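Step one of this worksheet: look at the structure below.
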Amino acid sequence: MRKLTRPDDDAVVVFEACIDRIRNADLKRRLQSCSLEIGEASVEFDEKAALAELHTIEAKEIVADVVSVDEMKKVYTGRMAKKLAPGRVYYDKLMSLPEHGRCPLCSQRVVSTLDHHLPKAHYPSLAVSPLNLVPACQDCNKIKSEDIPLNSEQETLHPYYDDVEGFSWVKAKLTESIPVVVEFYVEPPVECDDVLIERLKHHFVTFDLAALYSSHAAEELANIEFIARKIFEDSGSIELKAYLGDMASSRKQVSLNSWQSAFYTCLHESDWFCQNRFQ
Numbered sequence: 169m170r171k172l173t174r175p176d177d178d179a180v181v182v183f184e185a186c187i188d189r190i191r192n193a194d195l196k197r198r199l200q201s202c203s204l205e206i207g208e209a210s211v212e213f214d215e216k217a218a219l220a221e222l223h224t225i226e227a228k229e230i231v232a233d234v235v236s237v238d239e240m241k242k243v244y245t246g247r248m249a250k251k252l253a254p255g256r257v258y259y260d261k262l263m264s265l266p267e268h269g270r271c272p273l274c275s276q277r278v279v280s281t282l283d284h285h286l287p288k289a290h291y292p293s294l295a296v297s298p299l300n301l302v303p304a305c306q307d308c309n310k311i312k313s314e315d316i317p318l319n320s321e322q323e324t325l326h327p328y329y330d331d332v333e334g335f336s337w338v339k340a341k342l343t344e345s346i347p348v349v350v351e352f353y354v355e356p357p358v359e360c361d362d363v364l365i366e367r368l369k370h371h372f373v374t375f376d377l378a379a380l381y382s383s384h385a386a387e388e389l390a391n392i393e394f395i396a397r398k399i400f401e402d403s404g405s406i407e408l409k410a411y412l413g414d415m416a417s418s419r420k421q422v423s424l425n426s427w428q429s430a431f432y433t434c435l436h437e438s439d440w441f442c443q444n445r446f447q
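For the sequence shown, my numbering gives the first residue as 169, with consecutive numbering after it.
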């Protein structure tokens with residue numbers, strides 16, 4: 169998962185911008201009366217996300233006793249996410265956060281939507297709160313859907329609050345057979361606390377990253393087949409091992425936990441791959 173810069177736009181300011189052009193006087197009045205609760209909900213989210221305590225936030229079916237879940241959903245879909253909507257500027261600002269447009273949840277696919285970290289169907293007060301809106305690819309957004317965490321361990325990583333890029337935790341292993349199959353798994357360092365370890369595992373499973381990364385690894389194996397075999401035949405296993413080590417080091421300079429970093433580290437550390445695969 170990639171860390172993103174935490175957005176600093178105030179939830180109430182965003183909400184009021186979204187509802188600014190509403191002509192229905194009754195609807196606008198009721199929505200305006202939600203501003204206080206929306207501000208308080210965003211503050212609570214901010215405090216609890218930093219502590220992995222989002223599961224303690226109470227789900228609701230109505231906002232400020234006057235606005236329904238469906239009405240708040242429409243504020244997001246029609247007045248923030250929709251092109252030319254009054255709140256679209258904030259939507260686009262959030263979408264621009266990931267470097268190279270990569271989804272921070274899977275670190276692989278391209279962002280195409282905003283994911284509600286806590287689903288708007290159960291937390292309508294957070295429907296347009298920037299802290300609850302994470303740029304994501306369509307697949308990750310659909311996979312996560314409307315899941316609600318029941319405890320800290322079930323909270324998927326949040327790109328604005330969880331920085332897990334400073335240590336290696338995505339690993340790979342290969343089968344010593346042809347065709348080679350590379351499998352990915354989570355192995356955090358022992359110094360990680362128990363809750364974070366479980367959250368890393370839960371995030372990996374929730375977004376089905378093992379299957380995603382293995383698919384890309386299979387393609388990469390085919391891509392390097394020619395050069396790896398050539399190095400082995402021309403210079404031997406020691407040079408092949410050195411080449412794979414350089415590839416791993418290069419990938420780690422960009423991200424310790426990309427599938428590419430784990431993939432090339434796995435190949436580099438495999439004596440079987442370096443010595444026997446191309447015999």
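Each residue gets a CB set at the ideal place from its N, CA and C atoms; glycine is no exception. As the structure is a prediction and not an experimental result, all values here were calculated from the model.
Asked, Found
"Quick one: what does DSSP say L412 is sitting in, helix, strand or coil?", "helix"
"Does the beta-carbon distance from N309 to D330 come in below 7 Å?", "no"
"From K228, W337 and F431, pick the residue whose C-alpha is nearest to that of S417; which is it?", "F431"
"Would you tell me roughly how many angstroms separate the C-alpha atoms of E239 and Q322, rounded to the nearest one?", "29 Å"
"Determine whether the beta carbon atoms of K409 and C434 lie at a separation below 7 Å.", "no"
"Whole alpha helix (DSSP H) runs in the segment 280-322 with 4 or more residues, listed along the chain?", "306-312"
"What does the alpha-carbon distance come out to for the pair G269 and P303?", "9 Å"
"Rounded to whole angstroms, what's the CA-CA distance from E212 to A185? Just pull it up for me.", "21 Å"
"For G255, count the other beta carbons within 10 Å of its own beta carbon; 16 or more makes it buried, fewer makes it exposed. Which is it?", "buried"
"Is it right to say F183 is buried, meaning 16 or more other beta carbons lie within 10 angstroms of its own, or is it exposed?", "buried"
"Looking at L368: is its Cβ nearer than 7 Å to the Cβ of P356?", "yes"
"Which residues does DSSP pair with K339 in a beta bridge?", "Y353"
"What does the alpha-carbon distance come out to for the pair A385 and I399?", "20 Å"
"State the start and end residues of the unbroken alpha helix (DSSP H) segment that holds I399.", "L377 to S403"
"Mind checking whether L325 and M169 have CB atoms under 7 Å apart?", "yes"
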